[in-house]
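Please read the structure below before turning to the comments.
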Amino acid sequence: MTAPYNFSAGPAMLPRAVLERAQEELRSWRGSGISVMEISHRDPAFVQMALKAEQDLRDLMTIPDHYQVLFMHGGGRGQFSAVPQNIAGANDTVDYLNSGVWSEFAIREAQKFVSKVNVVGGAVNTEQGRAIAAAEDWQLSADAAYFHYCPNETVDGVALHEIPAQVTAPVVADMSSNILSEPLNVERYALIYAGAQKNIGPSGFAIAIVRDDLLGRAQGTTSTIMDYTVQAKDKSMYNTPNTWAWYLSGLVFEWLKEQGGVAVMGQVNARKAQLLYNYIDSSDFYSNPVHPDYRSKMNVPFLLADPQRDDDFLKAAEQQGLLGLKGHRFVGGMRASIYNAMPIEGVIALVDFMREFEQKHT
Ligand SMILES: *Cc1c(COP(=O)(O)O)cnc(C)c1O
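One gets the working numbering by counting positions in the sequence shown from 1 and adding 37 to each.
Shown next, in the form of structure tokens:
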């Protein structure tokens, strides 16, 4: 694979092989003479494809049978409102860790549906950079309906690599930017959700992996389309699902299996992140603002010592085919998102470019 390499945080790079296959099949899906986008979601061929996509995801993540896999509308933020409405009563207490930008948005949305949203703790600044308060200091509720956190803060580049033992409430995780990036023990979670456009497929689509005992708890006012119990009963086809996104996600799952699954992805992702962090740490020209214990393996923010060079950096990078490196507008600087679809060659090309840029300007 050659440049361009797309480091956009999302919608993000898709595997080239998946795009080529989708292109090949676009006008005539499985020899039907029509596009997958033109077929009824009730058509047996489509249903078969949809079920295979679910099974492939179950295989990839080793999802036990007592979890539902739901294909939902509305991306990651749709789940910010679906979660409280589905698994907490309006008068319940829910615990949220506020580790960064996305956690904060999830908290604000939960406040609309649950009266007691308890923020247990969150982001802290340390001498070694951005971090998360130690779990000993979290103010966990004794009776929380659930504990919500974002293991990979896409904007801040902060990750919480393990769930502390102190957390005893059912765990809900926003894995929009790290789902399928490494092996995971699904059974430690009550609910996992992810918007698709980072590590899976097209935007506007979301996956929710919901433990069976959480079904049947939806608030009476929950919109039917967001109701996990209805979607589970109707196999995520209560209304017309996003058939294109489902199809494309299925192609990505097949691709992941061909690569050797999440165990292999986890090894490659660790190597990619290490390459980039090692180089940044070895340089005085660049820096990463995150404490080493809390660094994301998916989203690597970095700053130039002289921010006046930011625009030159981005322009020169683009000329080399290194795209989407501008940091989020909330935090500035640069950010390289290196999801599953980013090959290690892309990270090597980025580091080579960063080194050249540094040499030219020092
Ligand atoms: C991108 C992102 C979201 C929001 O996803 P949308 O599909 O735009 O609603 C939520 N959480 C995390 C962690 C994200 O990275």
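Every residue, glycine too, gets a C-beta built ideally from N, C-alpha and C.
Rounding to the nearest angstrom, what Cα-Cα distance links residue i and residue j in this structure?
| i | j | result |
| --- | --- | --- |
| G383 | D129 | 47 Å |
| V84 | G68 | 16 Å |
| M391 | L340 | 12 Å |
| N222 | R308 | 21 Å |
| Y186 | G70 | 45 Å |
| L228 | I246 | 6 Å |
| G159 | H103 | 31 Å |
| W283 | S240 | 11 Å |
| H198 | A127 | 31 Å |
| Y265 | L252 | 7 Å |
| F150 | Q116 | 12 Å |
| V73 | E62 | 8 Å |
| G370 | I381 | 23 Å |
| S136 | F367 | 15 Å |
| R79 | D330 | 48 Å |
| T163 | M86 | 49 Å |
| A300 | A196 | 19 Å |
| K397 | R332 | 28 Å |
| T259 | Y230 | 18 Å |
| M302 | G166 | 27 Å |
| D348 | P52 | 28 Å |
| K235 | M109 | 16 Å |
| A346 | W281 | The sequence shown places Arg at residue 346, rather than the Ala named in the question. Taking the straight line from one Cα to the other gives about 41 Å. |
| P81 | F242 | 22 Å |
| V157 | G257 | 27 Å |
| Q122 | D174 | 28 Å |
| E393 | A354 | 11 Å |
Can you tell me whether DSSP reads residue i as helix, strand or coil?
| i | result |
| --- | --- |
| V138 | helix |
| S324 | strand |
| Y133 | strand |
| A54 | helix |
| F184 | strand |
| T163 | strand |
| M109 | strand |
| E382 | helix |
| R248 | strand |
| I124 | helix |
| E190 | strand |
| P329 | helix |
| I229 | strand |
| F44 | coil |
| K81 | This sequence places Pro at residue 81; Lys is not what is there. Three-state DSSP puts P81 in a helix. |
| M38 | With a pLDDT of 47 at M38, under the threshold of 50, the modelled position of that residue is not reliable, and no figure is offered here. |
| N336 | strand |
| D343 | coil |
| D348 | helix |
| D318 | helix |
Please list, in chain order, all residues of the same chain as residue i whose beta carbon is under 7 Å from its beta carbon, the five residues on each side excluded.
| i | result |
| --- | --- |
| A172 | P201, Q203 |
| I317 | Y323, S324, N325, F339 |
| Y275 | T261, I262, V267, Q268 |
| E91 | V106 |
| E141 | N135 |
| S77 | F83 |
| M364 | The amino acid at residue 364 is misidentified as Met; the sequence shows Gly. The residues are P338, G370, M371, R372. |
Suppose the cutoff is 8 Å on Cβ atoms and the five residues either side in sequence are ignored; what does the same chain contact list for residue i look like?
| i | result |
| --- | --- |
| T399 | F322 |
| A206 | D132, L177, S178, A181, A182, Y183, F184 |
| E395 | S320, F322, Y323 |
| V194 | Just to set this straight, residue 194 is Gly in the shown sequence, not Val. Same-chain partners within the cutoff: R167, N325, P326, V327, R332, S333, N336, V337, P338, R372. |
| R114 | F142, E146, G232 |
Report, in whole angstroms, the separation of the C-beta atoms of residue i and residue j, which I expect to be a contact under 8 Å.
| i | j | result |
| --- | --- | --- |
| N336 | T191 | 5 Å |
| E224 | D93 | Not a contact, Cβ separation roughly 19 Å. |
| I244 | A233 | 7 Å |
| N306 | K270 | The pair is not a contact, with the Cβ atoms about 36 Å apart (cut-off 8 Å). |
| I169 | V154 | At roughly 18 Å, the Cβ-Cβ gap does not stay under 8 Å, so I169 and V154 are not in contact. |
| L313 | A373 | 6 Å |
| K294 | L97 | 7 Å |
| A59 | L285 | 6 Å |
Below 6 Å CB to CB, which residues in the same chain sit around residue i once its five sequence neighbours on both sides are set aside?
| i | result |
| --- | --- |
| N43 | M50, L360, G361 |
| V289 | V55, I237, G238 |
| Y226 | V208, A210 |
| A310 | K334 |
| P220 | V299, A300, G303 |
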